[in-house]
Amino acid sequence: MAIKTFKGGIHPPERKTATEGKKIEAVPTPKQVVVPINQHFGAPNKCLVNVGDTVKRGQKIAEGAAPGPMTVPVHAPISGTVKKIEPRAQSNNTDGLCVIIEATEGQESADDFMPILDPFTCTKEEALARIRDAGLVGMGGAGFPVHVKLAPPPNKPIDIVIANGAECEPYLTIDEAVMTEMPTKVVQGLTIVMKIVGVQRGVIAVENNKTHVVPFLKKAVAEFKRDFDISIQLLKTKYPQGGEKMLITAITGKEVPSGGLPMDVGCVVQNIGSLVAIAEAFYEGKPLIERGLTVTGGACKTPKNILAPIGTILTDLEAGFMEIDQDKLRKVIFGGPMMGTAVPSLNIPIQKNTSGITLMTSDETSEWAEETCIRCGRCIRACSCHLSPVVMNNALETGDLEVAAKIGLLDCIECGSCSYVCPAHIQLVQRFRIGKQQLRIKRAAQPKAAAPAKV
Amino acid sequence: MANTERRLLLSSSPHFSANVSARQLMTQVLIALAPVTVYGIVLFGLSALITVLVAIITALLSDAGFRLLIGQKPRINDLSAVVTGVLLALVIPPSTPWWMTALGVIFAVVVTKEFFGGLGANVFNPALSGRAFLIMSFPAAITTWHRPVGFTQGLTDAVTSATPLNIIKLGGNMANVGANFVKGGLAHNADYGSVLWTLFVGNRAGCIGETSILLILAGAVYLLITKTIDWRAPVAMIVTTFLASWILGLDPVFGILSGGLMFGAVFMITDYVSAPVTAKGKLIFGIGAGIITVLIRKWGGYPEGVSYSILIMNAFTPFLNRLIQKKYGYVPPKKGAAK
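Quick look at the structure:
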């Protein structure tokens, strides 16, 4: 099988060995969970419970404040009592309203799951409603509602569904573990998505540092009785191979148009974790209340792949299960080191889109001061979107937002390749993030008629 | 716990880096320059060694001195001053008096680099500006060449010699170059093949570091393998020089083996700061430098045009940097959309 890839990108050290091949361990039920009521990209939710309420695992605790397509409900990850409803720090470094649920001691109460639904006999509307009701958001990135992604407008025909098992982010191994342990659920989830969007062709994309998962996936595909064309595609191990755009280009050879979405080139991409959650939503009636993630890094004494209820706080886990070297700990990252978010404390809950928590020591992270650009052009060679970061940064430094936009400021996916290779350690991605915000503010302030043509 | 939280570092992603520094990149350049430098010293002896040492020391002193004078932190640790010093030493004749070398280096470091804002901000290649400054100030000394005499011999009037390009400039042909090589004991035969071989090995009169094509190419391979330089500008310059020489009736192989063409294409045109950063920009930069080199060789007042060609192209760099690559997912603007 030919190994495919995209142009550009970098080869950071993988550092996956600490958790590679380790079984996914379910965390012992924590004594409390802190559940943000807004964990999706879209309109805000309202809280459905009050302090003192008893909630069952799987019960809906937050729902769209106003009816609309861009809302996704949130469910109670454990059974217990609502202790507090208050703003808490979230993994994106903002405070958001959270429901704090304390576990009921001793007694096991029944789950409040949805009835089982056969995705192949129900209608498309029923299926999309189930996906929304299960609280499904993209589990790899920004938390985009899955039901919106699976309902493209009729003028955007879809011809391929891609399961994103590239896992190009260093340190993280949870997708690999899921593909090893639950290949059937991955295939089930993939076929449900294919059924909903009405396509025959599905591809499970895996970087070639994980060839050992291929037999498991092949077996699961072979055992699956329904007639779908599902193939497994190996990709070159290169960062950011798992970026949605890079993945689509590697597999289909097409480029997602600037400002467009994967559906513009007939693609739907789903993360491995999301596919498993989709399968569970139908075959078990289980909403998205727990997820697999990797907890690793040099300051983690017990690196492992875990299955944790949403809202779990790492330091709430018993010492035998999770031990953190507080003395060495220098950086807490929600996600991996390339695109994850550094947070100021360990006291932050696991959310629907937390694919890992990387606890880095100061040896592992880079603490360089910015120096002068020597115009070596390494950022240009590394850019996965074929932009020219140095030229863009020069434009931003002179305050010329429109020139920066013309070069591709809004096309930047913030993969971090440019900052990674920069010998002057210029925080290019950070500067581009700020530039994007400035540009959006500026454009929003302009009268509609004078808005510049899309570049 | 409170203590821990104060120690935690918050920053924008990415959270680790390739840990490459400007100093490391400059070290790679110095490693690549080492063979030609050593060979130059072996060929031309003590005076070459003195030239190189004076250049390095002056570069460090003038860089640190000027920055201290204007109240900035010295930046000699990044080794860019050393690279400038070595590069300048390698593109001047071995017989250059030490104080001229020092003056050239001071011009390169202080005027060309620091006056424009220091590392990363200079418009022109520092080493080549230093050389241009010396040629204009001391035309006789900087165009006096010596036959390679070996390390133990001193460079005296007895061993002055024309460079191969001098001979061609004065109306000579390849046979004259061959005869000069044989007369100087640099080659056994005067035939075309021997001339090219002598040029390739580098046993000839010229600047300290420009003579041996073989060792320059070794440096180029090292820089390409370590991804320190990009292939585009050097290849474009060499190919263009070959073609342009051929079209204008000059010997194309001689054209790329003689003078400072190969050295310039590998070590000068690839200077990060003064060359374009974009791929297309680099190609055009190389092509332009190649054409101007040949034009100067054919019709200009100097036998060699490499340094001026690169300096002239340096001025185009800001414009060439506009030739950015086609971005991912680029959608050409529709005609009439502006209405």
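Those sequence lines, one after another, are chains A and B. Its first residue numbered 1, the first sequence is counted upward by one per residue in the working numbering. Its first residue numbered 1001, the second sequence is counted upward by one per residue in the working numbering. Note that CB positions come from ideal geometry on N, CA and C, so glycine has one too.
Kindly list the residues whose CB is nearer than 6 Å to the CB of residue i, restricted to its own chain and excluding five residues on each side of it in sequence; keep chain order.
i	result
residue 1220 of chain B	1266
residue 72 of chain A	40, 135, 137 and 145
residue 175 of chain A	165, 167 and 272
residue 177 of chain A	24 and 305
residue 1001 of chain B	Any answer about residue 1001 of chain B is weak, because its pLDDT of 45 lies below 50 and its placement is not dependable; what the coordinates show is given next. Excluding residues within five positions, none has a Cβ falling inside 6 Å.
residue 268 of chain A	158, 161 and 197
residue 1213 of chain B	1200, 1257 and 1262
residue 1218 of chain B	1035
Short of 7 Å in beta carbon distance, which residues of its chain neighbour residue i, apart from the five on each side in sequence? Order them along the chain.
i	result
residue 196 of chain A	124, 127, 128 and 150
residue 436 of chain A	409 and 410
residue 264 of chain A	156, 256 and 257
residue 421 of chain A	10, 378, 379 and 382
Measure the beta-carbon distance from residue i to residue j and round it to whole angstroms, keeping in mind my assumption that it falls under 8 Å.
i	j	result
residue 1083 of chain B	residue 1030 of chain B	6 Å
residue 306 of chain A	residue 293 of chain A	6 Å
residue 1080 of chain B	residue 1022 of chain B	7 Å
residue 1272 of chain B	residue 374 of chain A	5 Å
residue 59 of chain A	residue 112 of chain A	4 Å
residue 74 of chain A	residue 49 of chain A	Contact doesn't hold; Cβ gap of about 10 Å is too wide.
residue 1109 of chain B	residue 1063 of chain B	5 Å
residue 202 of chain A	residue 227 of chain A	Contact doesn't hold; Cβ gap of about 12 Å is too wide.
residue 1125 of chain B	residue 1268 of chain B	6 Å
Could you have a look at residue i and say whether DSSP puts it in helix, strand or coil?
i	result
residue 14 of chain A	coil
residue 454 of chain A	Its pLDDT being 48, under 50, residue 454 of chain A is placed unreliably in this model, and the value from its coordinates should be taken loosely. Three-state DSSP puts residue 454 of chain A in coil, outside helix and strand.
residue 129 of chain A	helix
residue 1272 of chain B	coil
residue 356 of chain A	strand
residue 334 of chain A	strand
residue 1035 of chain B	helix
residue 90 of chain A	coil
residue 231 of chain A	strand
residue 19 of chain A	coil
residue 137 of chain A	strand
residue 381 of chain A	helix
residue 83 of chain A	strand
residue 1074 of chain B	coil
residue 418 of chain A	helix
residue 296 of chain A	strand
Distance check for residue j and residue i, CA to CA, integer angstroms please.
i	j	result
residue 300 of chain A	residue 322 of chain A	8 Å
residue 1229 of chain B	residue 1190 of chain B	37 Å
residue 1236 of chain B	residue 1155 of chain B	36 Å
residue 451 of chain A	residue 438 of chain A	Only weak support is given to the placement of residue 451 of chain A: the predicted model assigns it a pLDDT of 48, under 50, and the value that follows is read from those uncertain coordinates. The alpha-carbon atoms of residue 451 of chain A and residue 438 of chain A are separated by roughly 15 Å.
residue 1331 of chain B	residue 1037 of chain B	50 Å
residue 395 of chain A	residue 1167 of chain B	49 Å
residue 152 of chain A	residue 424 of chain A	43 Å
residue 1042 of chain B	residue 1150 of chain B	6 Å
residue 1244 of chain B	residue 258 of chain A	41 Å
residue 242 of chain A	residue 1186 of chain B	60 Å
residue 66 of chain A	residue 440 of chain A	26 Å
residue 1314 of chain B	residue 341 of chain A	41 Å
residue 1264 of chain B	residue 339 of chain A	41 Å
residue 1075 of chain B	residue 1274 of chain B	19 Å
residue 380 of chain A	residue 1304 of chain B	33 Å
residue 94 of chain A	residue 4 of chain A	38 Å
residue 69 of chain A	residue 43 of chain A	9 Å
residue 213 of chain A	residue 1288 of chain B	52 Å
residue 1040 of chain B	residue 403 of chain A	47 Å
residue 1014 of chain B	residue 429 of chain A	8 Å
residue 419 of chain A	residue 1253 of chain B	42 Å
Which same chain residues end up closer than 8 Å to residue i when comparing Cβ atoms and leaving out the 5 residues on each side of it in sequence?
i	result
residue 96 of chain A	36, 37, 38, 87, 88 and 90
residue 354 of chain A	91, 291, 293, 334 and 335
Cβ of residue i versus every heavy atom of the ligand MG: is any distance shorter than 7 Å?
i	result
residue 267 of chain A	As for the ligand MG, it is missing from this structure, which has no ligand bound.
Can you give me, in chain order, the residues of the stretch 1254 to 1268 of chain B that have a beta carbon less than 7 Å from any beta carbon in chain A? none
Compile a chain-ordered list of the residues in the stretch 289 to 303 of chain A whose CB is closer than 7 Å to at least one CB of chain B. none
Contacting positions in the stretch 1075 to 1092 of chain B - beta carbon closer than 9 Å to chain A: 1075, 1078 and 1080
Which residues, taken in chain order from the stretch 378 to 407 of chain A, show a beta carbon closer than 7 Å to some beta carbon of chain B? 380, 385, 386, 387, 388, 390, 391 and 407
Cβ-based contacts, 7 Å cut-off: residues of the stretch 1008 to 1020 of chain B near chain A: 1008, 1009, 1010, 1011, 1012, 1013, 1014, 1015, 1016, 1017, 1018, 1019 and 1020
Residues of the stretch 79 to 97 of chain A in Cβ contact with chain B at a cutoff of 7 Å, in chain order, please. none
Between the stretch 1101 to 1123 of chain B and chain A, which residues of the former have CB atoms less than 8 Å from a CB of the latter, in chain order? 1118, 1119, 1120 and 1121
Check each residue of the stretch 237 to 271 of chain A: if its Cβ is closer than 8 Å to any Cβ of chain B, include it; give the result in chain order. 245, 249, 255, 256, 257, 258, 259 and 260
To be precise: take each residue of the stretch 1320 to 1331 of chain B, compare its Cβ to all Cβ atoms of chain A, and keep it if any distance is under 9 Å. Which residues remain? 1321, 1322, 1324, 1325, 1326, 1327, 1328, 1329, 1330 and 1331
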